[in-house]
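Colleague: Start counting the sequence shown at 34; every next residue gets the next number (our numbering).
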Amino acid sequence: MAQLTFLGSCREIGRSGFYLEVKDESFLVDYGTKFTNPPTYPDMPSSDNLQGVAITHAHLDHSGGIPRILAQDEAISLFCTPATRDLCIPLIRDMYKISKGRLPFTNNDIARIHRQCQPTAYEQTTPIGRNFEMTLFNAGHIPGSAMVSIRYNGKRILFTGDFNNIESRLNPGARKNLPKHDIVVSESTYARRLNPNREEIEEAMVQSVIETVERGGIALIPAFAIGRSQEIMCILEKYDIPMKYPIYVDGMARKVNEVVVKHPEYISSPQSFERAVKRAHVVHDNRDRQNAIRKPGIIIAPAGMLKGGASHLYFKMLYDDPKNSIILVSFQIPGTPGAELMSRRKAVVGNREFNVEAQVMYHHLSSHADSRGLVDVLQNIPGDPEFYLVHGESESCDALAAKLEKKGKTAHIPEINQTFEV
Ligand SMILES: [Zn+2]
34 MAQLTFLGSC REIGRSGFYL EVKDESFLVD YGTKFTNPPT YPDMPSSDNL QGVAITHAHL
94 DHSGGIPRIL AQDEAISLFC TPATRDLCIP LIRDMYKISK GRLPFTNNDI ARIHRQCQPT
154 AYEQTTPIGR NFEMTLFNAG HIPGSAMVSI RYNGKRILFT GDFNNIESRL NPGARKNLPK
214 HDIVVSESTY ARRLNPNREE IEEAMVQSVI ETVERGGIAL IPAFAIGRSQ EIMCILEKYD
274 IPMKYPIYVD GMARKVNEVV VKHPEYISSP QSFERAVKRA HVVHDNRDRQ NAIRKPGIII
334 APAGMLKGGA SHLYFKMLYD DPKNSIILVS FQIPGTPGAE LMSRRKAVVG NREFNVEAQV
394 MYHHLSSHAD SRGLVDVLQN IPGDPEFYLV HGESESCDAL AAKLEKKGKT AHIPEINQTF
454 EV
């Protein structure tokens, strides 16, 4: 038997952490941040006999606490794709800076990610300790994202991480035809939502951009630094936005672009991405920002929900002109400036409330499977696995459990720090 403890991501999105113990050895999958101020982390699992830690992908709610785990012992190895390794380092450094060091690890510990990493390719099987064997499968969520499959005691458990079964302009979809598993720990983010056809959303978004620049305005697209910013660049490239309208990229997205260019094997069309990168102007400083707002053009700047980052700087420069547009391209969590903007055209940015005159548009490009995609992927995993549902609001976990049970499957919704025999 083995014990699986859910350290976080239970009926919530944030602080993923799954601790698997087999005989006298253990293995950890994900150790991420909960987005409080300062960020908080799952309870620290025992590092005695910890054989290693795997991260599904670079988003901070999965990777943000990894330096704390690696700092316990130089001998603890990190397993992830090279793209995940290179993407999570700048993100964690940035979080460290913003938190002014109020984190349970030091800036030096972040360098351990590089030192202690055993980069692992998709489909490659790695023996770990005496009891585990690990394989990563493409999860289709962001560049480098993986599902983590672990074999122990003749059984096989799959941690899906965040996944998308649909191909986007940036990411190939998640691996089709997953092998047989006995246990599956799955995300449930959009278990209550159906995403419209992706091409229709792309076209509508491009339409919003074109209308804005043609009336002499500037289109600000606040977008997540990893994944969404690059996808927007690829969409604009694909739809041939006239060259007279410059495209600017600012904030953490700049660094991410450099990493993604170095790892072309993780994206669907490296040529198209390279063209998009060549076309875009990188913004270095405030002088460049002033330049970017001088004539009609497009600005891609994190954060995706207008929560800080370079998007704040542009918002303050562009909000009061009805010719401009603020084009939101991801789900806006209630309470964020992006969500306020959509519901009442007002937003508190910094400490000030702004009445927004610019147009506000919303085109939701999801990087998660929707309810149909989740059920499709999960019910087709051979071996009649038992499901454990995490990484979703409470109602989403319930909804996915009900859908799977209807298909004759067994689904559990773990509570925080609950342990199961698996
Ligand atoms: Zn994610």
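We treat Cβ as the ideally placed atom computed from N, Cα and C, and that holds for glycine.
My guess is that G177 and Y299 are in contact by the Cβ rule of under 8 Å, so how many angstroms apart are they, rounded?
Modeller: Translated into the one-based positions of the sequence shown, residue 177 becomes position 144. Translated into the one-based positions of the sequence shown, residue 299 becomes position 266. Indeed, because the Cβ distance is near 5 Å, the residues count as touching under 8 Å.
Colleague: Let me check you understand the geometry: is the CB of H396 closer than 7 Å to at least one non-hydrogen atom of ligand 1?
Modeller: By 1-based counting over the sequence shown, the position of residue 396 is 363. Incorrect: H396 has no Cβ contact closer than 7 Å to ligand 1.
Colleague: If you compare alpha carbons, which of H317, G337, C121 is closest to I146?
Modeller: Translated into positions along the sequence shown, residue 146 becomes position 113. Ranking H317, G337, C121 by Cα distance to I146 puts C121 first.
Colleague: What whole-angstrom Cβ distance do H401 and E220 have, given they're in contact under 8 Å?
Modeller: Along the sequence shown, read from residue 1 onward, the residue named residue 401 stands at position 368. Along the sequence shown, read from residue 1 onward, the residue named residue 220 stands at position 187. Correct: roughly 7 Å between the Cβ atoms.
Colleague: Taking the alpha-carbon of V498 as reference, which of R44, P160, R163, G194 has the nearest alpha-carbon?
Modeller: The shown model of the chain, from 34 to 455, leaves out residue 498, and the question about it has no answer.
Colleague: Please state whether the Cβ-Cβ distance between L253 and I332 is less than 8 Å.
Modeller: Counting from 1 along the sequence shown, the entry for residue 253 is found at position 220. Counting from 1 along the sequence shown, the entry for residue 332 is found at position 299. Yes, they are a contact pair.
Colleague: Should D63 be listed as close to ligand 1, given that the test is whether its C-beta is under 7 Å from any heavy atom?
Modeller: The residue labelled residue 63 in the question sits at position 30 within the sequence shown. Not under cutoff, so the answer is no.
Colleague: Would the beta-carbon of A195 be found less than 7 Å away from any heavy atom of ligand 1?
Modeller: Here the question's residue 195 lines up with position 162 in the sequence shown. Per the sequence shown, residue 195 should be read as Asp rather than Ala. Answer for D195: yes, Cβ within range of ligand 1.
Colleague: What residue range does the alpha helix (DSSP H) around P303 cover?
Modeller: Working through the sequence shown from its first residue, we reach residue 303 at position 270. Where P303 is concerned, the enclosing alpha helix (DSSP H) stretches over 303 to 312.
Colleague: Alpha carbons only, please: which of C43, E156, E166, K328 is nearest the one belonging to S59?
Modeller: Within the sequence shown, the letter at position 26 stands for residue 59. Comparing Cα-Cα distances from S59 to each of C43, E156, E166, K328, the minimum goes to E166.
Colleague: Can you say whether N384 is buried or exposed, counting buried as having 16 or more other CB atoms within 10 angstroms of its CB?
Modeller: For the purposes of this step, residue 384 is taken as the residue at position 351 of the sequence shown. By the 10 Å Cβ count, N384 comes out exposed.
Colleague: Could you say if the segment 283 to 299 and the segment 102 to 117 meet the contact criterion of at least three C-beta pairs nearer than 8 Å?
Modeller: Yes: the two stretches touch, three or more of their Cβ pairs being nearer than 8 Å.
Colleague: Report, in whole angstroms, the separation of the C-beta atoms of P123 and K288, which I expect to be a contact under 8 Å.
Modeller: Walking along the sequence shown from the start, residue 123 turns up at place 90. Walking along the sequence shown from the start, residue 288 turns up at place 255. Right, the Cβ-Cβ distance comes to about 5 Å (below 8 Å), so this counts as a contact.
Colleague: Tell me, which residues are paired with V393 by DSSP?
Modeller: For the purposes of this step, residue 393 is taken as residue 360 along the sequence shown, with counting starting at 1. Answer is I359.
Colleague: Express the C-alpha separation of V292 and I183 in angstroms, rounding to a whole number.
Modeller: Your numbering for residue 183 matches position 150 in the sequence shown. Your numbering for residue 292 matches position 259 in the sequence shown. Between I183 and V292, the C-alpha separation is close to 28 Å.
Colleague: Given this structure, state the Cα-to-Cα distance separating T159 from Q84, to the nearest angstrom.
Modeller: On the sequence shown, residue 159 is found 126 positions in, with the first residue counted as 1. On the sequence shown, residue 84 is found 51 positions in, with the first residue counted as 1. Cα to Cα, T159 sits roughly 12 Å from Q84.
Colleague: How many angstroms separate the CA atom of S42 from the CA atom of Q412?
Modeller: The sequence position of residue 42 within the sequence shown is 9, counting from 1. The sequence position of residue 412 within the sequence shown is 379, counting from 1. In a straight line, the C-alpha of S42 is about 22 Å away from that of Q412.
Colleague: Taking contact to mean 3 or more Cβ pairs, one atom from each stretch, closer than 8 Å, check whether the segment 223 to 230 and the segment 427 to 444 are in contact.
Modeller: Touching, per the Cβ criterion.
Colleague: Pull up the DSSP beta-bridge partners for N388, would you.
Modeller: Within the sequence shown, numbered from 1, the residue matching residue 388 stands at position 355. The partner list for N388 (beta bridge, DSSP) reads K379.
Colleague: Which word fits G425, buried or exposed, when buried means at least 16 other C-beta atoms lie within 10 angstroms of its C-beta?
Modeller: One-based indexing of the sequence shown puts residue 425 at position 392. When all chains shown are included, G425 counts as buried.
Colleague: Just to check my reading of the structure: A237 and L269 have Cβ atoms closer than 8 Å, yes? What is that Cβ distance to the nearest angstrom?
Modeller: Residue mapping note: residue 237 aligns to position 204 of the sequence shown, counting from 1. Residue mapping note: residue 269 aligns to position 236 of the sequence shown, counting from 1. Contact doesn't hold; Cβ gap of about 14 Å is too wide.
Colleague: Pick helix, strand or coil for V289, following the three-state DSSP scheme.
Modeller: Here residue 289 refers to the residue found at position 256 when the sequence shown is read from its first residue. In the structure shown, V289 sits in a helix (DSSP, three-state: H, G or I).
Colleague: With distances taken Cα to Cα, identify the nearest neighbour of G416 among I46, K379, L211.
Modeller: Here residue 416 is taken as the residue at index 383 of the sequence shown, counted from 1. Minimum Cα distance to G416 is reached at L211.
Colleague: Below 8 Å on the Cβ atoms is my contact criterion, and I expect L398 with I234 to pass it. Report the Cβ-Cβ distance as a whole number of Å.
Modeller: As a first step, residue 398 must be located in the sequence shown, where it is residue number 365. As a first step, residue 234 must be located in the sequence shown, where it is residue number 201. Yes, L398 and I234 are in contact; Cβ-Cβ is about 6 Å, under 8 Å.
Colleague: DSSP puts Y281 in a beta bridge; with which residues?
Modeller: Mapped onto the sequence shown, residue 281 falls at position 248. DSSP output for Y281 lists H314, I332 as bridge partner(s).
Colleague: Round the Cβ separation of G187 and N197 to the nearest angstrom and send it over; I've been treating them as touching at under 8 Å.
Modeller: Within the sequence shown, numbered from 1, the residue matching residue 187 stands at position 154. Within the sequence shown, numbered from 1, the residue matching residue 197 stands at position 164. Incorrect: roughly 31 Å between the Cβ atoms, too far for contact.
Colleague: Out of I243, T369, C267, P370, point me to the one whose CA is closest to P329's CA.
Modeller: Position 296 of the sequence shown, counting from 1, holds the residue named residue 329. Nearest of I243, T369, C267, P370 to P329, Cα basis: I243.
Colleague: Could you check if I131 is buried or exposed, using at least 16 other CB atoms within 10 Å of its CB as the buried criterion?
Modeller: As a first step, residue 131 must be located in the sequence shown, where it is residue number 98. That one is exposed.
Colleague: Check whether the Cβ of H314 sits closer than 7 Å to any heavy atom of ligand 1, and report yes or no.
Modeller: Mapped onto the sequence shown, residue 314 falls at position 281. It does not: the Cβ of H314 is nowhere closer than 7 Å to a heavy atom of ligand 1.
Colleague: So if DSSP puts T73 in a beta bridge, which residue, or which two residues, is it bridged to?
Modeller: Locating residue 73 in the sequence shown gives position 40, where the first residue counts as 1. Beta-bridge pairing links T73 to K67.
Colleague: Using a Cβ-based criterion (distance less than 7 Å to any ligand heavy atom), does H92 qualify as near ligand 1?
Modeller: Here residue 92 is taken as the residue at index 59 of the sequence shown, counted from 1. True, at least one ligand heavy atom lies under 7 Å from that Cβ.
Colleague: Within 10 angstroms of the Cβ of N357, are there 16 or more other Cβ atoms? Answer buried if so, exposed if not.
Modeller: To locate residue 357, count along the sequence shown from 1; it is residue 324. Buried.
Colleague: Report yes if the C-beta of H174 is less than 7 Å from at least one heavy atom of ligand 1; otherwise report no.
Modeller: Translated into positions along the sequence shown, residue 174 becomes position 141. Within the cutoff, so yes.
Colleague: Pull up the CB-CB distance for V393 and I446, whole angstroms please, since I reckon it's below 8 Å.
Modeller: Sequence index remark: in the sequence shown, residue 393 carries index 360 (1-based). Sequence index remark: in the sequence shown, residue 446 carries index 413 (1-based). Contact doesn't hold; Cβ gap of about 36 Å is too wide.
Colleague: Can you tell which of G249, A286, V408 has its C-alpha closest to the C-alpha of Y278?
Modeller: As a working note, residue 278 is residue 245 in the sequence shown. For the residues G249, A286, V408, the minimum Cα distance to Y278 belongs to G249.
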